[in-house]
Structures are given as structure tokens and as C-alpha cells.
């Protein structure tokens with residue numbers, strides 16, 4: 001029997017195989033299978049009597065089914081292969097022949113495509129048939145695990161990672177484990193999970209390898225820095241709480257995670273009503289208050305775990321305290337300085353300290369905290385030799401200037417000169433800030449006779465400064481400077497004094513307007529405006545008493561205007577009343593400006609007065625036209641001539657009126673409202689902060705105002 005089996009097997013391996021090979025070269029697969037089946041059936045009949053027929057029959061049926069299945073499969077094109085892999089049905093392996101090594105756009109493999117479309121079963125089926133794709137990368141060096149972390153698919157990431165653990169080290173590039181592999185940007189899968197805020201995937205990857213928190217990408221960004229920078233503070237908290245080695249805190253541009261936390265904390269005030277939760281995909285229920293609490297907790301953990309982070313500087317030489325000063329976060333300054341006050345004395349590459357930045361941006365609350373822990377920082381100078389007071393004056397921060405002037409120990413910085421020899425008073429004159437000029441000149445400690453390296457005093461600069469209007473200059477000279485002691489001229493100014501007096505003697509002064517054009521301003525412009533307003537008020541008052549058409553003489557309506565029911569008469573009364581009211585208001589505003597102290601307010605008041613005088617002139621013309629129309633209606637020629645003349649009068653004033661309105665709303669109302677709103681917002685923030693501090697300290701929050 002053994003010999004018969006050998007003969008059968010030999011025939012199957014020999015004749016059957018040879019016939020299959022020859023048939024495959026000349027005919028299709030179905031015919032080849034039929035030939036093998038017929039040949040094998042004859043052998044089975046011959047050996048059936050010896051008990052081997054049933055074995056041969058079973059093998060024949062198996063071969064027949066297998067070859068029929070193979071002959072029925074279709075090889076898919078590249079486009080069809082992408083669609084069936086993205087569909088995620090693993091049954092396609094039984095119906096189609098798939099090219100597992102096919103590459104798609106950006107060098108993605110079939111495993112990349114399955115992971116991108118979150119097809120877990122398809123990814124597992126592909127790995128089962130082609131395990132080498134597990135560590136395959138596309139043109140961006142992204143592995144399938146990078147894609148899984150980016151899309152946030154935890155189940156696929158777990159399947160891929162479990163598959164990587166059974167691979168040999170030779171099958172992973174450079175001997176690294178899959179979870180540690182880097183893409184083109186130097187990111188691990190953990191970086192991608194953090195970048196996209198996928199908390200669950202992050203937790204899984206961190207648990208698989210806690211040392212991933214030490215890896216930095218090509219931009220120098222550590223996982224902790226990315227988590228803080230992106231605003232995913234739950235992820236950052238878990239990194240800081242992870243056991244083992246301290247995580248890397250490095251970030252781009254030589255920053256660290258503490259820099260990023262303070263910047264994120266500071267930007268919370270600049271959202272302008274847009275809730276932070278719209279910026280944080282991973283935390284849709286996070287409110288702004290809850291967010292600040294999270295950031296404060298992260299900063300405390302960072303300082304506790306990495307105290308050196310407070311002293312590290314970025315590529316600009318700025319510490320985290322510099323950014324806290326920029327955003328005016330006094331609570332952050334207290335958090336940092338109570339641990340170590342050295343950051344308060346560190347200057348950046350331009351020699352600018354945190355105090356300079358806070359003064360330049362008008363953050364008095366930050367300066368107070370800084371002086372509390374670093375009381376001698378007022379003496380710090382930048383590379384231009386400027387103190388923080390110079391910076392405040394240069395930026396027009398009046399509140400900071402007032403704060404410096406209120407502190408007695410800062411007397412020595414009030415007259416400190418920079419490298420150009422300019423005192424804060426010089427800078428105020430150069431930048432044309434009249435309010436700060438008044439504050440400085442009203443302080444007796446300020447040296448008003450100081451001369452800079454160009455040989456000019458503050459008076460010289462004020463006289464030649466085109467940013468100041470003639471009204472502001474007059475106020476500074478006649479009120480503030482004369483009351484506190486006049487500013488002496490320098491030698492250079494004395495040389496040109498004769499020419500200046502000659503110019504003033506003509507009754508006109510050449511002043512550069514705010515739009516850069518030179519205008520001729522009358523020396524007695526305000527006096528003339530007052531006279532004009534008084535004349536208009538008198539004329540319109542008299543016109544109201546002597547109405548066109550006269551008065552009724554009968555007993556019933558005696559004393560009433562005769563033409564009161566005519567439309568033109570009503571226009572006359574309205575225009576005349578408007579002209580009288582505005583002219584009277586103009587006179588009142590002029591008187592008010594004489595007792596006002598602030599030069600900015602004086603300038604604005606006189607602008608309002610001139611504006612009202614111009615409108616009253618227009619009202620007077622309208623009243624004249626309406627009154628003439630009432631009495632000249634029977635004569636169409638005179639009526640038309642009067643209306644046309646009055647209409648021509650308004651062509652010029654209308655253009656002037658539009659320009660005045662544009663200038664007034666742009667330079668007066670806009671600036672005044674901005675200053676008022678900024679002052680109110682800062683006051684409310686200070687009040688709220690004081691209220692919270694009283695509540696925390698357990699004291700009664702009385703007398704704090706309406707917070």
C-alpha cells in the first residue's frame with residue numbers, strides 16, 4: 001500500500017503539476033484545474049480498491065475549490081484599492097487580490113489610509129497579512145502611530161502599539177521602538193496627540209513610555225511646552241504629575257513652559273469677550289475664570305518642579321517675568337518674586353528690565369508688586385540710559401508718571417538724563433504730551449532749566465514742537481510754566497529770539513497742523529470767536545422779538561404772531577432759536593476754558609466753542625432766508641433770488657462742516673472716549689482685585705465701592 005501511495009503522490013506532484021504548468025501557459029486557469037481533476041479522478045478509480053480512493057477524492061475536491069476561488073479573484077487598481085481600504089470591510093481579502101505595498105499620495109501605505117479613516121478592523125487585517133507596514137513611514141516620516149495619535153483614535157493606537165511589541169529590534173528603524181520614532185518635524189506620536197488635544201491617546205502613550213516627555217522636536221518644543229502653549233492644561237498637569245524624571249520644559253525660541261504659561265495667562269484679558277473655550281478644542285466647557293485657575297495651578301507646579309525656569313531667558317533675553325510685565329499681571333509677579341526676586345533685576349538684550357516694560361505699558365499694579373519685592377529696581381537703566389520713568393513718559397503713560405511722582409524715594413530719577421541728555425521733561429516735550437508736561441512742570445522737584453546734549457531746554461522743544469497746538473502751547477507758557485516758574489531759554493533759543501518776536505509782532509503764528517500742513521492761526525482767534533458769538537446771540541435775540549409779519553391786534557389773539565401757521569415762519573423760529581442757543585453756549589464754553597487747568601481740555605473746549613459758533617452762523621442764515629421767504633412770497637423774483645443767495649452761502653460751510661465733524665470725532669471724541677474707557681476699566685479691575693483680596697484675607701469688603 002505504501003508503494004501505491006508513493007505512486008499516487010508522485011503522479012500528483014509530477015504529472016499533475018507538469019500538466020498544470022503546461023496548461024497555464026496555453027489556456028486559462030479553469031481548464032488547467034479541469035485537466036488536473038480528470039487525471040486525478042482516473043488515478044483515484046485505479047487505487048480505490050486499496051482504500052485510497054476517498055483520500056484522493058478529498059484532495060481533488062480541495063484543490064478544485066481552491067483553484068476556482070483563486071481564479072475568481074480580481075486585482076484592484078490604485079484608486080479602487082484606496083476606496084475599499086477606506087471603506088473598512090476586511091471581507092475584501094476573500095474577494096480581491098490586494099497589493100499591500102501600494103503607495104498613495106504623500107507616500108502613504110494602505111495601513112496609513114486605514115488609520116486615517118479610523119478603520120480598526122481593516123488596519124488589523126492589513127497588519128496580519130503585511131506586518132512590515134507597521135513601521136513604514138510616508139514622505140513626512142509619519143508612521144501609522146503618528147496618524148492614529150493625530151486623529152485621536154485610541155483603539156487603533158492600542159492595536160498598533162501592541163503589534164509593535166512583538167517585532168524584533170531589527171524591524172524598527174535605528175533600533176527604536178515604534179512609540180519613539182520621529183517624523184520629519186522631529187515629533188513623536190505623543191507630540192501629535194498633544195498638538196491636537198487628544199487626552200486619552202496622550203494618556204495611553206505616556207503610560208507606555210514615560211520618557212517620551214524628555215523628547216524635543218526639531219523646533220525645540222517639549223511635550224510639556226506644547227501642552228501649555230496650545231492651552232491643554234489638563235495634559236500639562238498630567239505631565240507634571242507623572243512619576244520618574246522631571247519632564248523637559250524647553251520650547252521654541254529658547255523659551256520654556258513657564259514663558260508659554262504666562263503668555264497664555266496674559267492673553268486671557270485680550271479676548272475682548274470671546275470665550276477661551278472656543279480656542280481649546282479639548283476643553284469645550286472651560287470658562288475664562290476656570291481657565292485662569294488652571295493656568296495658575298500649572299505655573300505653581302512648574303515653579304515647584306523646575307525653579308530654574310524663572311531665570312531662563314528666550315532668544316530676546318527675556319525671562320518669564322518680562323512677559324508678566326508686558327501683560328500687567330501683578331499676581332504672576334508676586335508668584336514668581338516670592339520664590340526668587342532675581343528675575344526682577346535681569347535685563348533683556350536691549351537692557352530693558354521688567355520694570356521698563358511695565359512702565360511703558362502703563363501697568364501700575366505690576367510696578368507696585370515689583371517694588372514690594374525688589375525696592376531698588378527703580379535705578380535700572382536700559383542701553384539708552386533711560387529709567388522706567390523715561391519709558392513711561394515716552395509712551396504717554398500718565399498714571400505711571402503720577403505714581404512715580406508720588407513716591408518720595410524716587411526723587412533722583414525725576415531729573416535723570418539719558419544718553420542724549422534728555423530728562424523726562426525733555427521727552428514729554430519731544431513727544432508733545434501736554435498732560436504729562438503739566439504734571440511734571442507742576443512738581444517743584446523737576447528741573448525746568450535742564451539742558452540736553454543738543455543745548456535745548458524743554459521750553460525750546462515745546463516752542464518748536466509741531467505736535468502741540470497753539471492753544472496748548474499758550475496754556476503751558478501762560479499758566480503752568482509761569483505759575484511754577486518760567487522755563488529759561490537756552491543760548492540757541494536766545495539767538496533766534498529776535499526772529500520769533502518779529503513773527504509774533506505780525507499778529508500771526510505759523511503752526512503745523514496735525515495733518516502736517518501749515519496753517520496761519522490768528523493771534524486773537526479766540527477773542528474774535530467770542531465777539532462773533534456775542535453778536536450772533538444779540539442779533540438772533542432781537543429777531544425773535546421782532547417776528548416777520550408782525551403781531552395780531554385783535555382782542556382774542558392780541559400779541560400772537562400773524563404768520564404762525566405758515567411753514568416758512570416755523571422754519572424761521574426754529575433756525576433763529578438754534579442760532580441763539582449755540583451762540584450763547586459758545587460764549588459759555590469760552591468762559592469755561594479760561595478757568596480749566598488741563599491744556600488738553602482747554603483745547604477741546606475751544607474747539608467745541610468754534611464748532612458751535614459756526615453752526616450758529618448757519619442757523620442765522622437759515623433764519624434770514626426763512627423770514628425773507630415769509631414776507632417776499634408774493635414776489636417770485638425776490639423770493640427766488642433770496643433763496644439762491646442763501647443756498648450759495650452754504651456750499652463752503654457744508655464742506656467745512658464735514659471736515660470739522662470728521663476731525664472732531666476722530667481726534668477729540670475718539671481719543672477722549674478711549675482714555676475714559678481705559679481709565680474706567682483699569683479702575684474696575686483694581687477694585688475687583690481689592691475686593692477678592694479682602695475676601696481671601698477674611699476681612700470685611702466694606703468701603704470698596706461698587707465692584
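In UniProt numbering, the protein residues as written are 1 to 707.
The C-beta atom is built at its ideal place from N, Cα and C for all residues, glycine as well.
For residue 314, which residues from the same chain have a beta carbon less than 7 Å from its beta carbon, with the 5 sequence-adjacent residues on both sides left out?
-> Translated into the one-based positions of the chain shown, residue 314 becomes position 314. Answer for residue 314: 253, 254, 255, 259, listed in chain order.
Pick out the complete alpha helix (DSSP H) segments inside the stretch 338–381, 4 residues or longer, and give them in chain order.
-> 354–360, 364–373
Quick one, which of 576, 589, 594 has its alpha-carbon nearest residue 621's?
-> Here residue 621 corresponds to residue number 621 of the chain shown, with the count starting at 1. The shortest C-alpha separation from residue 621 is found at 576.
State yes or no: is the C-beta of residue 788 within less than 7 Å of the C-beta of residue 357?
-> Because residue 788 is not part of the residues shown, which for the chain are 1 to 707, the question remains open.
Among 352, 333, 294, which one has its Cα closest to the Cα of residue 316?
-> One-based indexing of the chain shown puts residue 316 at position 316. Looking at the Cα atoms, 352 is the closest of the given residues.
Pair within 7 Å by beta-carbon distance, residue 302 and residue 257 | The residue you call residue 302 lines up with position 302 of the chain shown. The residue you call residue 257 lines up with position 257 of the chain shown. In this structure, residue 257 lies closer than 7 Å to residue 302 by Cβ.
Simplified DSSP state of residue 610, which is helix, strand or coil | Stepping through the chain shown from its first residue, residue 610 is reached at position 610. In this structure, residue 610 counts as helix in the three-state DSSP scheme.
C-alpha distance - residue 528 paired with residue 403, whole-angstrom precision = Taking the first residue of the chain shown as position 1, residue 528 is located at position 528. Taking the first residue of the chain shown as position 1, residue 403 is located at position 403. Approximately 41 Å, taken between the alpha carbons.
To the nearest angstrom, how far is it from the Cα of residue 427 to the Cα of residue 388?
-> Within the chain shown, the letter at position 427 stands for residue 427. Within the chain shown, the letter at position 388 stands for residue 388. Distance between the alpha carbons of residue 427 and residue 388 is about 13 Å.
Less than 6 Å between the CB of residue 615 and some heavy atom of the ligand SAH, yes or no?
-> Questions concerning the ligand SAH fall outside what the structure shown contains, since it holds no ligand whatsoever.
State the Cα-Cα distance for the pair residue 422 and residue 607, rounded to the nearest angstrom.
-> Against the chain shown, residue 422 aligns to sequence position 422. Against the chain shown, residue 607 aligns to sequence position 607. Roughly 32 Å separates the two Cα atoms.
Determine the DSSP secondary structure at residue 288, reduced to helix, strand or coil.
-> Along the chain shown, read from residue 1 onward, the residue named residue 288 stands at position 288. Bear in mind that a pLDDT of 49 at residue 288, under 50, signals an unreliable position, so the number given afterwards is only what the model happens to contain. Helix, per DSSP.
Tell me whether the beta-carbon of residue 114 lies closer than 7 Å to the beta-carbon of residue 85.
-> Position 114 of the chain shown, counted from the first residue, corresponds to residue 114. Position 85 of the chain shown, counted from the first residue, corresponds to residue 85. Taking 7 Å as the Cβ cut-off, residue 114 and residue 85 qualify as a contacting pair.
In three-state DSSP terms, what is residue 256?
-> Taking the chain shown and counting its residues from 1, one reaches residue 256 at position 256. Residue state, collapsed to three classes: strand.
Which residues does DSSP pair with residue 250 in a beta bridge?
-> Within the chain shown, numbered from 1, the residue matching residue 250 stands at position 250. Looking at the DSSP assignment, residue 250 forms a beta bridge with 256.
Residue 459 (DSSP reduced to helix, strand or coil) | Against the chain shown, residue 459 aligns to sequence position 459. Three-state DSSP puts residue 459 in a helix.
Simplified DSSP assignment, three categories, for residue 468 | Taking the first residue of the chain shown as 1, we reach residue 468 at position 468. Residue 468: coil per DSSP, three-state reduction.
If you check the beta carbons only, do residue 537 and residue 580 fall under 7 Å apart?
-> Taking the chain shown and counting its residues from 1, one reaches residue 537 at position 537. Taking the chain shown and counting its residues from 1, one reaches residue 580 at position 580. Cβ distance < 7 Å, so residue 537 and residue 580 count as in contact.
Span of the alpha helix (DSSP H) holding residue 395?
-> Position 395 of the chain shown, counted from the first residue, corresponds to residue 395. Looking at the DSSP string, the run of the alpha helix (DSSP H) that includes residue 395 is 388–395.
Beta-carbon proximity list for residue 201, same chain, < 6 Å, skipping 5 on both sides | Counting from 1 along the chain shown, the entry for residue 201 is found at position 201. Once the five neighbours on either side are set aside, the close Cβ partners of residue 201 are 149, 152, 154, 157, 193.
Kindly list the residues whose CB is nearer than 7 Å to the CB of residue 617, restricted to its own chain and excluding five residues on each side of it in sequence; keep chain order.
-> Taking the chain shown and counting its residues from 1, one reaches residue 617 at position 617. Contacts found: 536.
Which of helix, strand or coil does DSSP assign to residue 137?
-> Counting from 1 along the chain shown, the entry for residue 137 is found at position 137. Residue 137 falls in the coil class under three-state DSSP.
Give a yes or no on contact between the stretch 396–414 and the stretch 450–467, applying the rule of three or more CB pairs nearer than 8 Å.
-> no
Is the stretch 395–402 touching the stretch 370–378, taking contact as three or more C-beta pairs under 8 Å?
-> no
Alpha carbon to alpha carbon, what distance is there between residue 380 and residue 500?
-> To locate residue 500, count along the chain shown from 1; it is residue 500. To locate residue 380, count along the chain shown from 1; it is residue 380. With a pLDDT of only 42 at residue 500, under the threshold of 50, the placement of this residue in the model should not be trusted, and no figure is reported.
Would you identify the three-state DSSP class for residue 80, choosing helix, strand or coil?
-> Residue 80 sits at position 80 when you count from the first residue of the chain shown. DSSP places residue 80 in helix when its eight states are reduced to three.
Whole-number beta carbon distance between residue 197 and residue 221, since they are thought to touch under 8 Å = Mapped onto the chain shown, residue 221 falls at position 221. Mapped onto the chain shown, residue 197 falls at position 197. At roughly 15 Å, the Cβ-Cβ gap does not stay under 8 Å, so residue 221 and residue 197 are not in contact.
DSSP-derived helix/strand/coil call for residue 162 = As a position in the chain shown, residue 162 is number 162, starting the count at 1. Residue state, collapsed to three classes: helix.
Of the listed residues 139, 142, 111, nearest to residue 129 (C-alpha basis) = Position 129 of the chain shown, counted from the first residue, corresponds to residue 129. If we check each option's Cα against that of residue 129, 111 comes out closest.
Answer with buried or exposed for residue 264, where buried requires no fewer than 16 other C-beta atoms within 10 angstroms of its C-beta.
-> Locating residue 264 in the chain shown gives position 264, counting from the first residue. The residue in question, residue 264, is buried, as its Cβ has 16 or more Cβ neighbours within 10 Å.
Would you call residue 294 buried or exposed, if buried means 16 or more other Cβ atoms sit within 10 Å of its Cβ?
-> Indexing the chain shown from 1 puts residue 294 at position 294. Label assigned to residue 294: buried.
For the alpha helix (DSSP H) holding residue 241, just list the boundary residues, first then last.
-> Within the chain shown, the letter at position 241 stands for residue 241. Taken as a continuous stretch (DSSP letters only), the alpha helix (DSSP H) holding residue 241 covers 233–241.
Let me know the secondary structure DSSP gives residue 533 once reduced to three states.
-> Your numbering for residue 533 matches position 533 in the chain shown. Here residue 533 sits in helix by DSSP.
Pick from 603, 306, 333, 386: whose alpha carbon is nearest that of residue 433?
-> Numbered from 1 along the chain shown, position 433 holds the residue referred to as residue 433. If we check each option's Cα against that of residue 433, 603 comes out closest.
What do you get for residue 648, buried or exposed, if any count of 16 or more other CB atoms within 10 angstroms of its CB means buried?
-> In the chain shown, counting from the first residue as 1, residue 648 sits at position 648. Residue 648 is exposed by the Cβ-count criterion.
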